[in-house]
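*Asks:* First the structure, which I've put down as C-alpha cells, then a few questions once you've had a look.
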Amino acid sequence: MKFNSIVFEKKKELARIVLNRPEALNAISPELISELGVAVDDAERDERIKVIVITAKGRAFSAGADLKGIKGILSSPHEVEKFLRSWHRTFNALEESSKVVICAVQGMALAGGLELVNVCDIVIACDEAKLGDQHANFGLIPGGGNTQRLPRIVGPRKAKELLLTGDWLSAAEAEKIGLVNKVVPAGKLDEAVNEMVDKVTKNKSPLAAKAIKNLVNKGMQVDLHSALELEIQAVLNYFRSEDIAEGIRAFEEKRTPVFKGR
1 MKFNSIVFEK KKELARIVLN RPEALNAISP ELISELGVAV DDAERDERIK
51 VIVITAKGRA FSAGADLKGI KGILSSPHEV EKFLRSWHRT FNALEESSKV
101 VICAVQGMAL AGGLELVNVC DIVIACDEAK LGDQHANFGL IPGGGNTQRL
151 PRIVGPRKAK ELLLTGDWLS AAEAEKIGLV NKVVPAGKLD EAVNEMVDKV
201 TKNKSPLAAK AIKNLVNKGM QVDLHSALEL EIQAVLNYFR SEDIAEGIRA
251 FEEKRTPVFK GR
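My numbering puts the sequence shown at residues 1 to 262.
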C-alpha cells in the first residue's frame, strides 16, 4: 500500500511509523487513521517486530483531529459515527498490540494528538513539547478516548481539570503527573528513543513483554482480585514456554539468555 499521510518502515526488530502531514501540524484525518491502521496491523502480523515507534515530521507531533476534514461530514451522523469507530478501531489495535509501542513527542500533542500519545506504552518527550486536550476551548467533547484513557493515566481529578479547562502542560509538568515517561533536550529525542528501544528489546523475551503489557492493560479494567487472578493464569501459561526455561537456565549458568519468542 502506498502511504500519503504516514511513513511506514520496518528494519530488523523495529517498525517505525512517522506522521507525515507537517503542513497541517500532523492533524489526524480519516486517511491518516486508515493508513495508521494498516501499518499497525502489518507490524502486528510480523513476528520479527518487537517494537513500534511513533514519531512525527515537522514542528508538531499532532495538533489533533483534522477539523477541516471533519467539517464536511458533520451533517451526516452516519459518517461521523463511521469516522469515530474507525478512529477507535485503529487506536485500540495500537494499544492492544503485542508489540511495545514507544511514542516520541516534539512540539504540540493536543486533543486527538494527545489521544494518540495515550494509547502508547512508553512516551518520551522533548523539553519543548506541549501536551493537552483543548476540546473544551471550542465547545467540543473528546471522541478519541481521552475521557476514558486520561483518567486511567493521571487519575480522575487531574484528568477532569485538564479536560474541563483545556490547559496545556509543559513536558516537565506532563512527566510529573505520569503523562510522559521521560523528558530530554530537543536535540536528544531520537537518541533517547533508540536507547529505550534497545532497553526493551535487548536480551528480553517478546513473550514476556507481551504478557506484561496485556496484564497491565487488562488489570486496569477490573478489580484487584480479578487482576491478580489474570496474573496467576498468565504466569502458569508462560511456564509452558521455551523462553521461561531459557531464562532460568541463563540465570543458573550466569550468562545472557537467548530467547526464541516461543
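Think of the CB as a built atom: it goes at the ideal place given N, C-alpha and C, for glycine as much as any other residue. A quick note: this is a predicted structure, and the numbers were derived from the prediction, not measured.
What is the rounded straight-line gap between the Cα of PRO30 and the Cα of ILE73?
*Replies:* Distance between the alpha carbons of PRO30 and ILE73 is about 11 Å.
*Asks:* When you compare only the Cα positions, how much space is there between LEU224 and ASN4?
*Replies:* So the alpha carbons of these two residues sit roughly 44 Å apart.
*Asks:* Going straight from the alpha carbon of GLY144 to that of GLY112, what length do you get?
*Replies:* Distance between the alpha carbons of GLY144 and GLY112: 6 Å.
*Asks:* By Cβ distance below 6 Å, which residues in the same chain neighbour CYS103 in space, the five residues on each side in sequence not counted?
*Replies:* Cβ neighbours of CYS103 beyond the five flanking positions: ILE54, VAL117, CYS120 and VAL123.
*Asks:* Could you tell me whether the Cβ atoms of LEU131 and TRP168 are closer together than 8 Å?
*Replies:* Going by C-beta atoms, LEU131 is nearer than 8 Å to TRP168.
*Asks:* Use the C-beta contact count for VAL100: other C-beta atoms within 10 angstroms, 16 or more gives buried, fewer gives exposed.
*Replies:* Buried, because 16 or more other Cβ atoms sit within 10 Å of the Cβ of VAL100.
*Asks:* Within its chain, find whatever has a CB closer than 8 Å to the CB of ALA15; leave out the 5 residues flanking it on each side and keep chain order.
*Replies:* The answer, listed in chain order, is PHE8, GLU9, ALA39, ASP42, ALA43, ASP46, ILE49, VAL51, ILE52, VAL53 and LYS99.
*Asks:* What's the call for ARG59, buried or exposed, on a 16-neighbour Cβ count within 10 Å?
*Replies:* Classification of ARG59: exposed, given that the 10 Å Cβ count is below 16.
*Asks:* Taking just the CA atoms, how far does ASP133 sit from GLU161?
*Replies:* Their Cα atoms are separated by approximately 10 Å.
*Asks:* With DSSP collapsed to three states, give me the class of VAL216.
*Replies:* Reduced to three states, the DSSP call for VAL216 is helix.
*Asks:* Do you know whose CA, among VAL197, GLY261, GLU242 and ASN214, lies nearest LEU230's CA?
*Replies:* The residue with the shortest Cα to Cα distance from LEU230 is ASN214.
*Asks:* In chain order, what are the residue ranges of uninterrupted beta strand (DSSP E) at least 3 long that sit wholly in the segment 139–194?
*Replies:* Listed in chain order, the complete beta strand (DSSP E) runs (minimum 3 residues) inside the segment 139–194 are 168–170 and 182–184.
*Asks:* Using beta-carbon positions only, say whether GLU115 and PHE138 come within less than 8 Å of one another.
*Replies:* It is not a contact, given that the beta carbons lie outside the stated cut-off.
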